[in-house]
Amino acid sequence: MRLHRLDMTAFGPFGSTQSVDFGELSAAGLFLLHGPTGAGKTSVLDAVCYALYGSVPGTRQSGQGMTLRSDHAAVGIRTEVTLELTVAGRRLEITRQPPWERPKKRGTGTTLDKAQTWLRERDAASGTWKDLSRSHQEIGEEITQLLGMSREQFCQVVLLPQGDFARFLRADAEARGKLLGRLFDTRRFADVEKRLAERRRAVESRVRDGDADLLADAHRMQQAAGDSMELPGLTPGEPGLAEAVLGAAAVARSTAREQLTAARCRLATAESALADADRVLDVVRERDRLQRRFAEARERAARLQERSGAHREERARMERARRAETVAPALDLRDSAEAGHGRAAGAELRARALLPASLADAGAAGLAVAARRAAEELGGLESARRAERRLTELLGERADLDRQEHADEEVREDAETWLADWEETRTGLQSRIESAQQAASRAGELDVQRAPARQRLDAARLRDRLAGETETAEEQARAARERALAARQHWLDLKEQRLNGIAAELAGGLTDGEPCAVCGATEHPAPARKVDGHVDRETEERALADHQRADDHRAEAEQRLGAVREALAAASAEAGDTATEQLFRAAEELEQQYAQARDAASVLHAEQERLRRAEQEHELRITAQREAAVRAASRVGRRERLDREHAALEEELTQARGDATSVTARAAQLERSVARLTDAADAARTAADAAQRLKEADARLADAAFRAGFDTPGAAAEALLDDAAHRELQRSLDAWQHEEAAVRAVLAEPETAAAAQQPPADLAPARRAAEDADRRVREAVSARDAAARRCAELDRLSARAATSVRRLGPLREEYDRVARMAGLTAGTSADNERRMRLESYVLAARLEQVAAAATVRLQRMSSGRYTLVHSDDRTGRGRSGLGLHVVDAWTGRERDTATLSGGETFFASLALALGLADVVTDEAGGVRLDTLFIDEGFGSLDDQTLDEVLDVLDSLRERDRSVGIVSHVADLRRRIHAQLEVVKGRSGSELRRRGTR
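Residue numbers for the sequence shown follow the numbering used here, so the first one is 893 and each next one is one higher.
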């Protein structure tokens, strides 16, 4: 990595823009950055760090970058840092702007602008800069990847703070470990320690959880065994817990099986006693049932004896009813004949009441003859009925002819009225169509004129606007020319002043013993002095840049003026000299004429459609008028035929109607007469037949009653029973017979009769004995089931515990292995004799490399007296691994670095810093560091030691490496010619270069 240029604006103590050309400073190899205390020497290094990483070292970074802004800066200037460097063969430029609280552009108060970052790369082929990114994150990742170092490593390797390494020499192992850990990034080894510790705790937790589950199963087995099982007095995680639980489980299972065998024996004894008690109870229950059955049969027999008289009466009643059933058909036939005779006599009376008085007493034969005569007369009226229906149809046809004639008359009148106005209508429509066609032609002509009129109007408006812009552009061009001339004159004045004082400027770079760039002399007895108002090169270059910018603005203003003039000329050529208002009125009048013509032409299609429909209507009207005349001629002949047929039918109907109003009315009279006569004849014959059947039924009933043993038909009717009474009487007789048979069967049973001879049965003692035996069986079953469940539960829990023990075996082995590794890396294991953590072990190896690299330079600085060595001895009760001793070649003794004097501590810390820079560089991937800075500590050295230290630093220039020393020691200004001075003032600090070209 090589720094080329640094630009700072409003950064730290620098109120204005300050630039550092590291290319010129690095040409000498060794340069000095000096200035009074508080001037801002460290701020230069902070700017380098901020440009690379976006933050500054230590506690100076606060407030999200707001404190980086200079208090001396003007209100409108923004803080900015630009660094140009080469890293990994790439020429890069990094620009960073921290957050800025600037005044608002409108109104009062301030607003916060966000931080900005730019990264550019120079293209060697084209010599131009190419933008790479503006993302904070992407730029940070790119720079960190190219440098291979974090900000902390960069500050320790490139910006070597001597005070930090002096404290490092005197620090204890823990403090050294923190510093080395930041530099070498040993977090991965600390992560290994942490991972192993976490894994040990995780596996230990799993082992404890497994033991806890196993112990929980043991408690469940103890509960299942009835607290007869003794548990081991161990806690989860202790050795031997699994074996103790499995042994106790085996004892509990054996005891449970013995208890199950005893419970089964007690159950078998109780079941045998229950069977005996049940047999005794069954015998007593059977004897009690037979005795109660015999007593109930005796009681039922007594009740039958009491009801025997009523039973005999019911049997006699049933006998009479059965005899009366033989007379029942004759009774039914006589009742049916009597009802039929009554209905026939009533019907005959009603039919005779409708007949004329002359036929009221006629017999059935006379009524039939009268009905035949009326029917014959009715048949003769059928022809007259047809004639009457045809007459009605003729009247309907004549009415249709009248309606058709009226409709045709209306059609003729309507057609004549419409055709009378046809010529006038057609002429009007044709006239409107011709007017619309003329308007359409006029609209087309006007439409062609509209676009040119609008274009001239737009050109006139543009001409008026460009005329005003031309005046403004001429004024701006005139002002730009004046400013360019003033800037040129100012630059020429400053250039002349600088040339007048160039001798003083060249004298400022003279050094005793160095040849003059003008005359070549090595002695400079009277160098020129700068006078007040001296103009240096930077002031002249700024004036030249101002002149170039002003000239560019002048060219741009003249270019804008030319463009406006060309546009004005083009607009004037198109619009002419006519005023814009006049062109506007002409365009508006043209638009109005076009709109009127377009409206008038819009009715063309509608009028053409109306003419077409009118012509179609004319054809339809003529056709309708012609067809109506043809239909009227045909109706005349048809009306004459209908009149002749109507007269003939009227004559025929007059003869057929007689005194009736119509043939239909006469036919209805005859139909009613035929029906009444026929009904009366039928009713007379039916009444005679019914009287004969009633007489025959009375004779049959009397004969049937005598044969059945009844004196009269009435006695037989009284003995009959209806269906419900017959069923009830039969049910009563059947129930008596069934009850009598059942009682005889029970009293005849030998077992029942024998039981009745024995003493009464007593059920209570036998029932109590059976209940006691059953209770003892249930208790034995419960005890047997409980013992079986206990055995099954113990077997299940024992198998579960054995499975848990097998599953925990590999886990315990893993825990032993992980715990041993975690203790070894954490330094707590007995196998780790020096109690070194893994991270400390790695850092010890790095410290050993740093000590070896530092010794090379320390021996040269101390004239071969001192050598730095690494020590891994333990200090007190602490851990070993990060000890650092110095070997004194003069005494041959090895002692702690804390015993070095102030000067010895400086060059020892310097050697350590340089050695650490080499090792960290190799660790970061071998990125070459071509620019280094060393901060303070040189004031504690004598002249000889200082020369030796400078020789060592000067040797760092090998392979084009440059070293910057940050110090305010006055003697260094004499020894180091290339200098960058920080000058402190009331308006902020400034940078001045000395001893460089």
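Using N, Cα and C, we set each Cβ at its ideal position, and we do this for glycine too.
| Query | Result |
| --- | --- |
| Does the distance from the CB of G915 to the CB of H896 come in under 8 Å? | yes |
| Hey, is the region 1350-1361 in contact with the region 1462-1469, meaning 3+ C-beta pairs nearer than 8 Å? | yes |
| Check for me: the beta strand (DSSP E) holding V989 runs from which residue to which? | One point to set straight first is that residue 989 is Gln, not Val, in the sequence displayed. From DSSP, the beta strand (DSSP E) with Q989 extends over R982 to Q989. |
| Got a sec? Which residues, its chain only, sit under 6 Å from A1155 by beta carbon, not counting five neighbours each side? | A1675, R1676 and A1679 |
| Counting Cβ pairs, one atom from each stretch, are 3 or more of them under 8 Å apart for the region 1105-1124 and the region 1655-1672? | no |
| Below 8 Å on the Cβ atoms is my guess for G1807 versus A1745; work out the distance and round it to an integer in Å. | 3 Å |
| Does the separation of the CB atoms of F1890 and A931 fall below 8 Å? | In the structure as shown, the chain begins at 893 and stops at 1889. Residue 1890 is therefore absent and cannot be evaluated. |
| Can you tell which of V1710, A1653 and G1877 has its C-alpha closest to the C-alpha of D1180? | A1653 |
| Which residues does DSSP list as the beta-bridge partners of V1779? | T1759 and E1786 |
| L1703 and A1116: beta carbons closer than 8 Å? | no |
| What three-state label does DSSP hand L924 in the structure shown? | strand |
| Is the distance from the Cβ of H1426 to the Cβ of W1383 below 8 Å? | no |
| Less than 8 Å between the C-beta atoms of R1568 and L1241, yes or no? | no |
| Helix, strand or coil for R1886, going by three-state DSSP, please let me know. | strand |
| Could you tell me how far apart the beta carbons of T1317 and A1506 are, in whole angstroms, since I believe they sit closer than 8 Å? | 6 Å |
| Within a Cβ cutoff of 7 Å, which residues of the same chain sit near V967, ignoring the five residues on either side of it in sequence? | P995 |
| As a quick exercise: from A1589, T1791 and I1826, pick the residue whose alpha carbon is nearest that of A1803. | I1826 |
| Let me know if C1047 comes out buried or exposed under the rule of 16 or more other beta-carbons within 10 Å of its beta-carbon. | buried |
| For A1335, which residues of its own chain have a beta-carbon under 7 Å away from its beta-carbon, when the five flanking residues on both sides are left out? | Y1486, A1489, R1490 and A1493 |
| Counting Cβ pairs closer than 8 Å, one from the region 1341-1349 and one from the region 1474-1485, do we hit at least three? | yes |
| Give the DSSP-derived three-state secondary structure of T974 in the structure shown. | strand |
| Please list, in chain order, all residues of the same chain as A1442 whose beta carbon is under 8 Å from its beta carbon, the five residues on each side excluded. | A1372, R1375, A1376, A1378, A1379 and R1380 |
| By the DSSP assignment, the alpha helix (DSSP H) with M1713 in it spans what residues? | L1655 to A1718 |
| What residues in its chain sit with their C-beta under 7 Å from that of R1026, if we drop five residues either side in the sequence? | T1009 and W1010 |
| What three-state label does DSSP hand V979 in the structure shown? | strand |
| Per the DSSP calculation, E1013 is bridged to which residue(s)? | L984 and K1022 |
| Tell me whether H1497 is buried or exposed, calling it buried when 16 or more other Cβ atoms sit within 10 Å of its Cβ. | exposed |
| With a cut-off of 8 Å, do at least 3 Cβ pairs link the region 1566-1584 to the region 1182-1189? | no |
| Let's see if you can read the secondary structure: which residues bound the alpha helix (DSSP H) around A1343? | W1314 to N1392 |
| DSSP three-state label for G1606, please. | helix |
| Starting from Q1151, follow the alpha helix (DSSP H) in both directions and report where the run begins and ends. | L1133 to E1198 |
| Could you please give the first and the last residue of the uninterrupted alpha helix (DSSP H) stretch that includes H1618? | D1615 to L1639 |
| Who pairs with D913 in a beta bridge, going by DSSP? | R897 |
| Can you list, in chain order, the residues of its chain whose CB lies under 7 Å from that of Q1183, leaving out five sequence neighbours each side? | A1647, A1648, P1652 and A1653 |
| How about the region 1200-1211 and the region 1584-1591: do they share at least three Cβ pairs that are nearer than 8 Å? | no |
| For V1099, which beta-bridge partners are listed by DSSP? | V1099 is not bridged to any residue. |
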